[in-house]
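Visitor: Submitted below is the structure of interest, expressed as structure tokens.
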Amino acid sequence: MMEIDEVVYQDDYGSVSVMSERVSGLANSIYREFERLIRSYDEEVVKELMPLVVNVLENLDSVLTENQEHEVELELLKEDNEQLITQYEREKALRKQAEEKFIEFEDALEGEKKDLQTHVESLELQGKQLELKTKNYSDQITRLEERESDMKKEYNALHQRHTEMIQTYVEHIERSKMQQAGNNSQLEGPGSGRTKVERPPSLSLYPSGEGMGMEDGSESDSVAATPSSTGSKSNTPTSSVPSATVTPLNEGFLPPGEFDPMHAVKPRQEGAKLPQQKLRNALNIVKNDLIAKVDELSGEHELLRGD
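With the UniProt record's numbering, the residue at position 64 of the sequence shown is 64, and numbering never jumps.
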């Protein structure tokens with residue numbers, strides 16, 4: 001009797017064994033039937049049938065084996081399919097997450113792009129504003145330079161005028177000195193009968209006018225009349241001496257206003273001195289204001305150049 005090989009697989013060991021036993025039992029039954037026929041008739045009866053039966057049994061065993069292999073392959077394919085489905089679901093979830101992240105990233109990128117575009121527009125606007133400010137500053141610097149030049153010209157003109165006024169003032173002082181000297185010469189002439197009285201130099205700096213000479217003459221007359229009014233003898237030689245020569249002897253006994261011929265002229269000189277002092281103060285104030293204005297314009301010019 002022929003031998004049938006058994007094929008054993010991983011999970012179907014029991015079923016493979018059962019199938020092999022079924023083929024083996026079927027072969028035994030057919031073999032017993034062939035023995036009965038041989039005993040009943042002859043060996044020639046089953047001589048042609050035996051190879052066919054053996055071939056059928058072999059084919060049946062091979063078919064069963066192939067069926068078992070196909071079942072095993074089917075199980076493996078099912079497992080692979082389940083794994084592929086699981087992997088597909090996982091890949092699908094990952095793809096969905098990636099798409100969501102991509103959409104979020106695209107939205108964030110679009111928002112950032114809009115922000116950058118807005119920032120660029122703002123920077124362009126600021127650049128235009130800065131260009132306009134720079135142009136305005138340049139124009140302002142030009143105007144300030146022109147103004148500074150005009151102020152310098154005005155300052156030079158005022159300085160020249162101030163110098164001319166100082167020169168005029170000095171000439172006026174010189175003329176006042178000359179006029180005062182003329183008045184002094186009139187007061188100290190031979191008709192007055194008085195000697196020269198020294199006066200402080202400050203009194204000769206300002207004009208006194210002709211009234212000063214008249215006041216000096218009147219005061220000299222009063223001084224000359226002083227010895228006769230004191231009760232002295234009119235026939236004595238001292239009565240004919242001019243009062244100016246007697247005045248130094250009485251300086252220690254009379255107050256300064258009694259023997260100083262310029263005492264009555266001092267208020268007029270002080271009154272003439274006040275306008276000149278005011279004029280000088282006004283010129284100094286104007287000069288200081290102009291210097292301060294030039295310094296201020298120079299500071300603004302430097303500040304604008306720095307900006």
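Heads up, the beta-carbon is just placed ideally off N, CA and C, and yes, glycines get one too.
Candidates R36, R161, E104: which alpha carbon is nearest R280's?
Guide: Residue numbering aside, residue 280 sits at position 280 when the sequence shown is read from its first letter. That would be R161, whose Cα lies nearest to the Cα of R280.
Visitor: Could you pull out every residue in the same chain whose Cβ sits closer than 7 Å to the Cβ of L60, ignoring the five residues on either side in sequence?
Guide: Stepping through the sequence shown from its first residue, residue 60 is reached at position 60. Cβ within range, chain order: V23.
Visitor: Whole angstroms are fine: how far does the CA of D150 sit from the CA of G127?
Guide: Numbered from 1 along the sequence shown, position 127 holds the residue referred to as residue 127. Numbered from 1 along the sequence shown, position 150 holds the residue referred to as residue 150. Computed Cα separation, rounded: 34 Å.
Visitor: Give a yes or no on whether the C-beta atoms belonging to L158 and L290 are separated by under 7 Å.
Guide: Counting from one through the sequence shown, the residue named residue 158 turns up at place 158. Counting from one through the sequence shown, the residue named residue 290 turns up at place 290. A contact, by the Cβ cut-off of 7 Å.
Visitor: Is the number of C-beta pairs between the segment 48-66 and the segment 89-96 that are closer than 8 Å three or more?
Guide: No, the segment 48-66 is not in contact with the segment 89-96.
Visitor: Contact criterion: CB-CB distance below 7 Å. Does M151 meet it with respect to chain B?
Guide: The question asks about chain B, but that chain is absent: this structure has only one protein chain.
Visitor: If you follow the alpha helix (DSSP H) that V170 is in, where does it begin and where does it stop?
Guide: Counted from its first residue, the sequence shown places residue 170 at position 170. Element bounds for V170: 49-187.
Visitor: In angstroms, rounded to a whole number, what distance separates the CA positions of V45 and S62?
Guide: For the purposes of this step, residue 45 is taken as residue 45 along the sequence shown, with counting starting at 1. For the purposes of this step, residue 62 is taken as residue 62 along the sequence shown, with counting starting at 1. Spanning the two alpha carbons is a distance of roughly 27 Å.
Visitor: By the three-class DSSP mapping on this structure, what secondary structure does V294 have?
Guide: Taking the first residue of the sequence shown as position 1, residue 294 is located at position 294. Helix, per DSSP.
Visitor: So, are the CB atoms of V294 and Y155 less than 7 Å apart?
Guide: Counting from one through the sequence shown, the residue named residue 294 turns up at place 294. Counting from one through the sequence shown, the residue named residue 155 turns up at place 155. Cβ atoms of V294 and Y155: closer than 7 Å.
Visitor: Please state whether DSSP places Y31 in a helix, a strand or coil.
Guide: For the purposes of this step, residue 31 is taken as the residue at position 31 of the sequence shown. Looking at Y31 - three-state DSSP - the assignment turns out to be helix.
Visitor: Is it buried or exposed for L187, if we count other Cβ within 10 angstroms and need 16 for buried?
Guide: Within the sequence shown, the letter at position 187 stands for residue 187. When all chains shown are included, L187 counts as buried.
Visitor: Does DSSP put V45 in a helix, a strand or coil?
Guide: As a first step, residue 45 must be located in the sequence shown, where it is residue number 45. V45: coil per DSSP, three-state reduction.
Visitor: If you count every other CB in all the chains shown that lies within 10 Å of the CB of Q180, and 16 or more means buried, which is it?
Guide: Your numbering for residue 180 matches position 180 in the sequence shown. Its Cβ being crowded by 16 or more others within 10 Å, Q180 is buried.
Visitor: Is the separation between the beta-carbon of E148 and that of L297 shorter than 7 Å?
Guide: Indexing the sequence shown from 1 puts residue 148 at position 148. Indexing the sequence shown from 1 puts residue 297 at position 297. Going by C-beta atoms, E148 is nearer than 7 Å to L297.
Visitor: Go ahead and pull the three-state DSSP assignment for residue 354.
Guide: Outside the modelled stretch of the chain, which goes from 1 to 307, sits residue 354, for which no answer is possible.
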